[in-house]
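Chemist: Numbering of the sequence shown is given in the numbering used here, commencing with residue 2 and proceeding in unit increments. Where a beta carbon is used, it is the ideal one built from N, C-alpha and C, also for glycine. Please find one structure pasted underneath; my questions will follow.
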Amino acid sequence: MRSRSFSNDSSLWLALLALGALGGCRGGEPGALPVGYGSGGGGGGGLVEASALACPKPAGLPFAVEATGFASVEAEEVAADNPRNKDEASDLLGNPGGVFGYTNMPLTDSPAGGDLVFTGKRARSPEGSGLTSIPIKGEAVSLWRYDPSDETWSSLARGTTSTSGEYRFELAGPIDEPTRPVYSVLEADETCAPHYPFLLDAGTKIVVTDIDGTLTLSDEELSKQFSDSSYVPLENKSAALMMNTWAEKGYQVVYLTARPHVFRAETRKWLDDLGYPVGPVITANQLVFGDSARQYKRTWVNRVVTDFGWVVTAAYGNATSDIDAYEDAGIPKDITFIIGESAGVAGTTAIDANDFSSHITDFVEQQPDA
Numbered sequence: 002m003r004s005r006s007f008s009n010d011s012s013l014w015l016a017l018l019a020l021g022a023l024g025g026c027r028g029g030e031p032g033a034l035p036v037g038y039g040s041g042g043g044g045g046g047g048l049v050e051a052s053a054l055a056c057p058k059p060a061g062l063p064f065a066v067e068a069t070g071f072a073s074v075e076a077e078e079v080a081a082d083n084p085r086n087k088d089e090a091s092d093l094l095g096n097p098g099g100v101f102g103y104t105n106m107p108l109t110d111s112p113a114g115g116d117l118v119f120t121g122k123r124a125r126s127p128e129g130s131g132l133t134s135i136p137i138k139g140e141a142v143s144l145w146r147y148d149p150s151d152e153t154w155s156s157l158a159r160g161t162t163s164t165s166g167e168y169r170f171e172l173a174g175p176i177d178e179p180t181r182p183v184y185s186v187l188e189a190d191e192t193c194a195p196h197y198p199f200l201l202d203a204g205t206k207i208v209v210t211d212i213d214g215t216l217t218l219s220d221e222e223l224s225k226q227f228s229d230s231s232y233v234p235l236e237n238k239s240a241a242l243m244m245n246t247w248a249e250k251g252y253q254v255v256y257l258t259a260r261p262h263v264f265r266a267e268t269r270k271w272l273d274d275l276g277y278p279v280g281p282v283i284t285a286n287q288l289v290f291g292d293s294a295r296q297y298k299r300t301w302v303n304r305v306v307t308d309f310g311w312v313v314t315a316a317y318g319n320a321t322s323d324i325d326a327y328e329d330a331g332i333p334k335d336i337t338f339i340i341g342e343s344a345g346v347a348g349t350t351a352i353d354a355n356d357f358s359s360h361i362t363d364f365v366e367q368q369p370d371a
């Protein structure tokens, strides 16, 4: 499995690179991981009734796992002494029964068919140290999914985290409900992380959006979380309302951010807590800014458009790398909406005053249902 490092598209991320803050996050390969479908184990306490898990710390599990505690004292101490969740759970994007990509696949790889790939990492950090990621090594992780047709949970696979806290599952498809989450569960403490499989037909209409400085008020909002996990980044006015308006009209929102994988937990939590519609969250494998951010975002937009056949109806951003990446991928300027200091640059459509309210009325609500 590939190692990971920082990424993003502003001077903020250059500062992070200088900090070299991801100590203890490298090396090792995941343990042997069975593939295919199986039944649940026999451990755990009393079961609860649920068709979804409230990650990362559900009040209980609706199924029994095999492990009844940590396999090592070291891993138990990491979990006990570092309460901040730094789990990384990949999402899937692609076509049902066809080609797909996963959110931490190498940029040089092309989407392909075959067994579905779910990868992730189990890690924690101190509450005031969002830049660190301490792996939970050598512990059992299992993959679970709820089937509403018979109201049961199934264990899809089980394996062990590597010395870098990583795991990888490859499962034979297809997935009956292509947007229902699959959950990875760290069995020792019954914490979980959702993997979203967005396997959608060619022709699906989508909205692509950056996050920092586009949905959030500025690139600096995320940095305020580094030392304070309780801080909630401020959003640009009506940003969540705009994305929900798109979703209510049937458009799939795709979040394409230059944030690194180490901030996947914070990113998904922020989107959920502020009521954004669920969509794939694409994060970067390595430090990207400027031209590298442009290449990273261009690659992913090309994947969704060319490989998956999805149709971009609107693209949102705030940085010149967003503008360039969208242009490189052939997205017309009249549906490229830029907010902040670069609003209207290079023929893009400006969103003024850090406020999406007028745009919702004048453009989004005028679009036909998908």
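1) Output the distance between the C-alpha atoms of A354 and L144, rounded to the nearest integer angstrom.
2) List in chain order: all unbroken beta strand (DSSP E) runs of 3+ residues lying wholly within the region 290-370.
3) May I have the straight-line CA-CA distance separating R415 from S343, to the nearest angstrom?
4) Using the three-state DSSP reduction, which class does D229 fall into: helix, strand or coil?
5) Checking the sheet assignment: what are the DSSP bridge partners for F199?
6) Does D148 come out as helix, strand or coil in the three-state DSSP assignment?
7) Does the beta-carbon of K58 have 16 or more other beta-carbons within 10 angstroms, so that it is buried, or is it exposed?
8) I need the straight-line Cα distance from Y317 to M106, nearest angstrom please.
9) Whole-angstrom Cβ separation of V313 and V209, contact assumed at under 8 Å?
10) May I ask you to verify whether the region 190-201 touches the region 111-124, counting CB pairs closer than 8 Å and requiring at least 3?
11) Checking 9 Å against the spacing of the C-beta atoms, do S52 and Y184 come in under that value?
12) With a Cβ-Cβ cutoff of 9 Å, do T104 and L93 count as a contact?
13) Looking at the secondary structure, which residues open and close the beta strand (DSSP E) in which A80 lies?
14) Taking the alpha carbon of P84 as the reference point, which residue from S126, G204, W301 has its own alpha carbon closest?
15) With DSSP collapsed to three states, give me the class of L397.
16) Return the CA-CA distance between I137 and C193, expressed in angstroms with no decimal places.
17) For the pair the region 157-172 and the region 241-249, tell me if three or more CB-CB distances fall below 8 Å.
18) Can you name, in chain order, every residue of its own chain whose Cβ lies under 7 Å from the Cβ of V79, other than the five neighbours on each side?
Modeler: By the coordinates alone:
1) For A354 and L144, the distance between alpha carbons rounds to 44 Å.
2) DSSP runs (the beta strand (DSSP E)) wholly in the region 290-370: 312-318, 337-340, 350-352.
3) Any property of residue 415 remains undetermined from this structure, which presents the chain solely from 2 to 371.
4) It is coil, neither helix nor strand.
5) Paired residues: L94.
6) Under the three-state reduction of DSSP, D148 is assigned to strand.
7) K58 comes out exposed.
8) Answer to the nearest angstrom: the Cα atoms are 23 Å apart.
9) For V313 against V209, the beta-carbon gap comes to about 6 Å, under 8 Å, which counts as contact.
10) Yes: the two stretches touch, three or more of their Cβ pairs being nearer than 8 Å.
11) Cβ distance not < 9 Å, so S52 and Y184 don't count as in contact.
12) Contact: yes.
13) Element bounds for A80: not the beta strand (DSSP E) but the alpha helix (DSSP H), 74-82.
14) Measuring from the Cα of P84, the nearest candidate turns out to be S126.
15) This structure gives no information on residue 397, because the portion of the chain shown stretches from 2 to 371.
16) The C-alpha of C193 is placed about 13 Å away from the C-alpha of I137.
17) With contact defined as three or more Cβ pairs closer than 8 Å, the region 157-172 and the region 241-249 are not in contact.
18) The answer, listed in chain order, is R125, I135, I137.
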